[in-house]
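First residue of the sequence shown? That's 20 in my numbering, and the numbers climb one at a time after it.
The C-beta atom is built at its ideal place from N, Cα and C for all residues, glycine as well.
Computed from a prediction, not measured in an experiment: that's the story for all the values here.
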Amino acid sequence: MRPIPFRPLFAAAALGLSALSLAACGSSDEAAAGAKELTFELTDAGCEPRRASAPAGPIDFTVENGGTTKYSELEVLDGETILGERENVTAGLSRSFALTLEAGEYKVRCREGGGPGEATLTVSGALHTRKSPEIDKAIADYRSYLVESATELTAKTAPFVAAVRAGDVAKAKRLYPATRIGYERIEPVAESFGDLDPRIDARENDVAPGEFGGFHRIEKALWEEGTAKGMEPVAVALLEDVEELDAKVKGVSLRAVQIANGANELLTEVSTSKITGEEERYSHVDLVDFTGNVEGARVAFEAVAPLMRSGDPRLVEEIEGDFAAVHAALVRYETSRWPGFVLYPELGQADTRKLARVIDTLAEKLSLVPAAIAKGEGA
Ligand SMILES: [Cu+2]
Numbered sequence: 020m021r022p023i024p025f026r027p028l029f030a031a032a033a034l035g036l037s038a039l040s041l042a043a044c045g046s047s048d049e050a051a052a053g054a055k056e057l058t059f060e061l062t063d064a065g066c067e068p069r070r071a072s073a074p075a076g077p078i079d080f081t082v083e084n085g086g087t088t089k090y091s092e093l094e095v096l097d098g099e100t101i102l103g104e105r106e107n108v109t110a111g112l113s114r115s116f117a118l119t120l121e122a123g124e125y126k127v128r129c130r131e132g133g134g135p136g137e138a139t140l141t142v143s144g145a146l147h148t149r150k151s152p153e154i155d156k157a158i159a160d161y162r163s164y165l166v167e168s169a170t171e172l173t174a175k176t177a178p179f180v181a182a183v184r185a186g187d188v189a190k191a192k193r194l195y196p197a198t199r200i201g202y203e204r205i206e207p208v209a210e211s212f213g214d215l216d217p218r219i220d221a222r223e224n225d226v227a228p229g230e231f232g233g234f235h236r237i238e239k240a241l242w243e244e245g246t247a248k249g250m251e252p253v254a255v256a257l258l259e260d261v262e263e264l265d266a267k268v269k270g271v272s273l274r275a276v277q278i279a280n281g282a283n284e285l286l287t288e289v290s291t292s293k294i295t296g297e298e299e300r301y302s303h304v305d306l307v308d309f310t311g312n313v314e315g316a317r318v319a320f321e322a323v324a325p326l327m328r329s330g331d332p333r334l335v336e337e338i339e340g341d342f343a344a345v346h347a348a349l350v351r352y353e354t355s356r357w358p359g360f361v362l363y364p365e366l367g368q369a370d371t372r373k374l375a376r377v378i379d380t381l382a383e384k385l386s387l388v389p390a391a392i393a394k395g396e397g398a
């Protein structure tokens, strides 16, 4: 497989008019003062408070963990669709994310534990919808990437699944990393569809025994067991799930602030858990996934960057610089051999640390984007 090229920044297209018209609707500072702040605490009993309310509009969520080991994650859901979440909020940590919500009842769910981990968030009043061509364009840009990536994922999963069903281990192994790239690019959106993400992309320790399926179950068979025997039903289900994802992304409703939040989430996950090599623990093609994750985050950021230029051009520039640093750190490991990057265990501890550091810096900066977008976004 050839290394996956980075897309050029479309920064040039983002300048000028869009910045002017955002400034014209006075969106940056005064709207920021209007963002509602809500704090949920993770406790042994679940999320506190159990009931919260907010006016329609931008909301900054803070998730605090005062010391429980039972919960480390908080999600805000509309029905079964996850609108926003924070993972890896372990004891003593506090992390935040931003959403813009219209009136309705939302579920706030604590994850990674048992028991009554749910709270209700009631949002009331009318959302002051600020429609702008810039917001529409940001969403349209990201949507086309989303649809393109999902289409590519489906197209590549079909021959991969065929190879698995035919028992062709060598071919299935060869196809595996490139097949998954489309998924890794759009993982945050895929994660919003309930259990579709675990069905497609769970690690063995993420799910109940007997429920391990999807890409990584097949990865284990191919690399650790050295056979595709018994993988027929897993492969068939994987293709169905990928097709379901493909159909769902076409109709998903997107908000600019969600797109920004997704980019931040993706890189936070890379720097906090994927960096250990846990995702591709049998095949060790982790750097291919990282490249997909970084590219997906970058396209998401580029799509929404025009919305924050007027408010914070410095931050945009810094983030572009950080993306370039991550790119430079990753290309060092490109090779002309399969899978296009050196295998993850070939990286020394110093290499991994350096990679983690640049990704972490970027993720931290990206975490400021949703709030910067929420200032300007009403829709
Ligand atoms: Cu993944």
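Got a sec: does ligand 1 put a non-hydrogen atom nearer than 7 Å to the Cβ of residue 160? no
Exposed or buried, what is residue 347 when buried is set at 16 or more other beta-carbons lying within 10 Å of its beta-carbon? exposed
Just curious, the beta strand (DSSP E) that residue 125 is in, first and last residue? From DSSP, the beta strand (DSSP E) with residue 125 extends over 123–130.
Give a single yes or no on whether residue 214 has its beta carbon closer than 7 Å to a heavy atom of ligand 1. no
Express the C-alpha separation of residue 173 and residue 253 in angstroms, rounding to a whole number. 16 Å
Excluding the 5 residues preceding and the 5 following residue 31 in the sequence, name in chain order all residues of the same chain whose CB lies nearer than 8 Å to its CB. Legend: pLDDT at residue 31 = 27, less than 50; position of this residue unreliable, value from coordinates given subsequently. There are no such residues.
Any heavy atom of ligand 1 within a distance shorter than 7 Å of the CB on residue 308? yes
If you scan the segment 301–389 from start to end, which runs of the beta strand (DSSP E) of 3 or more residues do you find wholly inside it? none
Leaving out the 5 sequence neighbours to the left and right, which residues in its chain are closer than 8 Å to residue 43 when beta-carbon positions are compared? In this predicted model, residue 43 has a pLDDT of only 27, less than 50, meaning its place in the structure is not dependable enough to derive any value.
Contacting residues, own chain, Cβ-Cβ under 7 Å from residue 63 (five flanking each side not counted): Non-local C-beta neighbours of residue 63 in its own chain, meaning closer than 7 Å and more than five positions away in sequence, comprise 87 and 89, ordered along the chain.
Any chance the CB of residue 220 is under 7 Å from a heavy atom of ligand 1? Yes, Cβ of residue 220 sits closer than 7 Å to a heavy atom of ligand 1.
Assuming residue 279 and residue 389 form a contact by the criterion Cβ under 8 Å, report the distance between their Cβ atoms to the nearest whole angstrom. 5 Å
Drop a sphere of 10 angstroms on the beta-carbon of residue 270, count the other beta-carbons inside from all chains shown, and report buried for 16 or more, exposed for fewer. By the neighbour-count criterion, in which a residue is buried when 16 or more other Cβ atoms sit within 10 angstroms of its Cβ, residue 270 is exposed.
Can you tell me whether residue 203 sits near ligand 1, meaning its C-beta is under 7 Å from at least one heavy atom of the ligand? It does: the Cβ of residue 203 is within 7 Å (strictly closer) of some heavy atom of ligand 1.
Should residue 290 be labelled buried (16 or more other beta-carbon atoms within 10 Å of its own) or exposed? buried
For a quick check, are the C-beta atoms of residue 56 and residue 81 less than 8 Å apart? Cβ atoms of residue 56 and residue 81: closer than 8 Å.
Would you say the beta carbon of residue 299 comes nearer than 7 Å to a heavy atom of ligand 1? no
May I have the straight-line CA-CA distance separating residue 189 from residue 206, to the nearest angstrom? 27 Å
Tell me the DSSP secondary structure of residue 69 in three-state form. coil
Quick one, which of 247, 359, 116 and 235 has its alpha-carbon nearest residue 307's? 359
Classify residue 45: buried if its beta carbon has 16 or more other beta carbons within 10 angstroms, exposed otherwise. Confidence at residue 45 is low in this model, with a pLDDT of 27, below 50, so the placement of that residue should be treated as unreliable; the coordinate-derived value is given next. Around the beta carbon of residue 45, fewer than 16 other beta carbons sit within 10 angstroms, so the residue counts as exposed.
For a test of the three-state rule: what should DSSP assign to residue 283, helix, strand or coil? helix
Note down the Cα distance separating residue 49 from residue 259, rounded to an integer number of angstroms. A caution first: residue 49 carries a pLDDT of 30, below 50, which makes its placement in the model unreliable, though a value can still be read off. Taking the straight line from one Cα to the other gives about 47 Å.
Residue 176: buried (16+ other C-beta within 10 angstroms of its C-beta) or exposed? buried
By Cβ distance below 6 Å, which residues in the same chain neighbour residue 296 in space, the five residues on each side in sequence not counted? These residues qualify, in order along the chain: 305 and 363.
Close beta carbons around residue 140, own chain, < 6 Å, minus the five adjacent residues each side: Scanning its chain for C-beta atoms nearer than 6 Å, with the 5 sequence neighbours on each side dropped, one finds around residue 140 the residues 71, 125 and 127, in chain order.
Across which residues does DSSP place residue 74 in a beta bridge pair? For residue 74, which the question treats as bridged, DSSP gives the partners 143.
At a threshold of 7 Å, does residue 238 count as lining ligand 1 (C-beta to nearest heavy atom)? no
Could you check the C-alpha separation between residue 349 and residue 379 for me, to the nearest Å? 14 Å
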